[in-house]
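Here the structure comes first, spelled out in structure tokens, and everything after it is commentary.
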Amino acid sequence: MPAQVLEPVFSYGWPIVFAVFAASGFILGWAAQRGNYCFVNAMTSIFTTKSFERFGALLLLFGLSALGTGLLVATGFIPSSDQFYFNYFGGWYILVGSTIFGFGAALAGGCNLSMLYRAASGYVQNWIELFGMMIGTYIFAIGIWPFQLFTMEKGILSTTAGGYVEYLPYLIFHSVSNEAVLLTTLMLAIPLIFLGIYLQIYTKRKWNKVARGERGIPGIFAVPKLGNSLGLPSPTVLPEKVKLSKEIKDLILLRKPYGTNLTTVILALDIILVFIVGAGYTFNYLVITSSDGGRFFEYIMMMFGQNLFITTPWFNDSLPIVDTSTLMVVMLCVGAFTSSFLSGDFKIRIPKDRRRLLIGFIGGILVGIGVRMALGCNVGLMWTNFAQLGYDGIIFLFGMLSGVYLAVKVQERL
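Going by this note's numbering, the first residue of the sequence shown is number 1, and it counts up by one from there.
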């Protein structure tokens, strides 16, 4: 097995890395807020309204991210070692943790991404959820992490090496050659992209039929005729162009929100940008929102004379607060606030049903426990692991779906 060596791929230095990660975080927060992008809502809609449109967008996001980063490695632009160097260890805790995470996030009403941008947009319930997540991190650190670390070190229902073990090209072909990476990329990304597009088309056709109240009329995907019997341009072409230009103008001027697929493309390009710039410098994938929540709690407790990094094992092993990940989280909130403020969406919102605050707090605690047990959240593990050509993201996806389904059933009885 080749040695795992992480060295900077490009020589521009840390100032450029920090600057790009800051810009990337801003873009992430801005785009997610404008598109109301939420992993949890995409999954709950499957079980509540039987809609697969947003879930299809998620699969499209995973596929585009895997395709972009995989091709960069397959062409030799980024070394394969840099892609799997920080790949997560696989184990029981990813499945269990992602299930707990999905349950808690669905109760609280937001995944780690939407929790942050909605908190920055004035949603008090998400502030409470963030605080609950900090408490959940502490509960995990003192009650679960010692046992979990033991199973990881002993290889009990888990891998002990990480890296190559979780890297699909090596797992499938026992190789990290450009050809192996390329084949794996195509095998993973293309089906995800096509399945994502299919689910969106399927949902839109279904709802279009429901709206029309008929089954025999062509849906919205029927191609209209643009010319008359003489082959001359249809008079409806010009208004369509005008309509398109107006829509673009409305998007730029923040008069209307981004569509789901536009946001998906922006986020995919964002993670590819970070993958390139961070190559060899740091985690070469997007953002670790859950770890930063725990670190903020650590520094809050320091103001009260409690040094968790000394007394509690997980905090002792956690990353320093001044790094690219923390910067991205801060800039994500800045981007979301800027977007919501300029568009007039910012408003301090307190739910009329005060029980939602308590439910948000409990859900946040479960989110904190789940993401720490799984070693990452829907962004920092699931999405980014698809981009890493790993299989832990697949495990997380099914675990999160299970947790969201259970939460939907519980909420139906509340």
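All C-beta atoms in this analysis are idealised placements derived from N, C-alpha and C, irrespective of residue type, glycine included.
DSSP puts residue i in a beta bridge; with which residues?
i, result
"Y123", "R349"
"Y167", "G390"
"G91", "S158"
Considering only C-alpha positions, which residue in the set the options is nearest to residue i?
i, options, result
"S45", "P257, Y37, F55", "F55"
"L116", "M303, G25, I276, W14", "G25"
"V408", "Y12, G155, N41, S177", "N41"
"T260", "F47, E53, G13, Y12", "E53"
"T264", "L414, T49, L61", "L61"
"L401", "Q306, M43, G35, N36", "M43"
"G70", "T99, W127, I156, S177", "S177"
"T384", "L269, R356, L186, F361", "L269"
"L332", "Y12, A23, W14", "A23"
"Y258", "N36, S11, Y12, W14", "N36"
"Y12", "Q306, G278, L254, Q411", "G278"
"L414", "D353, M382, F297, C377", "D353"
"W314", "A189, T49, L149, T282", "L149"
"F89", "E153, T48, D82", "E153"
"G344", "M187, A189, L253", "L253"
"E7", "F47, A57, Q83", "Q83"
"V274", "G213, F194, G380, F309", "G380"
"I190", "L406, F386, Q411, I395", "F386"
"Q411", "V329, G363, I395, P146", "G363"
"L267", "N316, T49, A57, W14", "A57"
"R356", "W14, T48, A119, N126", "N126"
"P146", "V329, N316, I394", "N316"
"V210", "T49, E247, I300, F346", "T49"
Under 8 Å between the Cβ atoms of residue i and residue j?
i, j, result
"G196", "L59", "yes"
"G280", "V9", "yes"
"C38", "L130", "no"
"R349", "V124", "yes"
"G76", "A374", "no"
"S80", "T203", "no"
"G399", "G102", "yes"
"L416", "G63", "In the structure as shown, the chain starts at 1 and stops at 414, and residue 416 therefore has no counterpart that could be examined."
"S65", "A336", "no"
"P169", "T151", "no"
"M144", "G403", "The sequence given here has Ile at residue 144, not Met. For I144 and G403, no; Cβs fall outside 8 Å."
"R372", "T326", "no"
"I201", "G360", "no"
"I78", "I272", "no"
"K256", "D250", "yes"
"L358", "M382", "no"
"T311", "T282", "no"
"F173", "Y405", "no"
Flag residue i as yes when its Cβ comes closer than 7 Å to any non-hydrogen atom of the ligand MG, and as no otherwise.
i, result
"I272", "The ligand MG is absent from the structure shown, which contains no ligands of any kind."
Evaluate the contact criterion for the region 92-110 versus the region 337-349: three or more CB pairs, one atom per stretch, below 8 Å. Counting Cβ pairs under 8 Å, fewer than three are found: no touch.
Between the region 366-385 and the region 124-136, do three or more beta carbon pairs fall short of 8 Å? By the Cβ test, the region 366-385 is in contact with the region 124-136, since at least three Cβ pairs between them sit closer than 8 Å.
Taking only runs that begin and end inside the region 5-39, name each unbroken alpha helix (DSSP H) of 4 or more residues, in chain order. Look at the region 5-39 and you find these whole runs of alpha helix (DSSP H), each 4 residues long or longer: 14-35.
Tell me, please, whether the region 10-19 touches the region 154-161 by the rule of three or more beta-carbon pairs shorter than 8 Å. Taking a cut-off of 8 Å for Cβ pairs, the region 10-19 and the region 154-161 do not touch, as fewer than three such pairs fall below it.
With contact counted as at least three CB pairs below 8 Å, one residue from each stretch, are the region 86-102 and the region 28-38 in contact? For the pair of segments examined, the region 86-102 was found not to touch the region 28-38: the number of CB pairs separated by less than 8 Å stays below three.
Should the region 383-393 be regarded as contacting the region 139-150, the criterion being three or more beta carbon pairs within less than 8 Å? With the cut-off at 8 Å, the region 383-393 and the region 139-150 do not touch.
Going residue by residue through the region 248-287, where are the continuous alpha helix (DSSP H) segments of at least 4 residues, counting only ones entirely within it? 260-277, all fully within the region 248-287.
Alpha helix (DSSP H) runs contained entirely in the region 297-373, provided each spans 4 or more residues: Listed in chain order, the complete alpha helix (DSSP H) runs (minimum 4 residues) inside the region 297-373 are 308-311, 313-317, 324-342.
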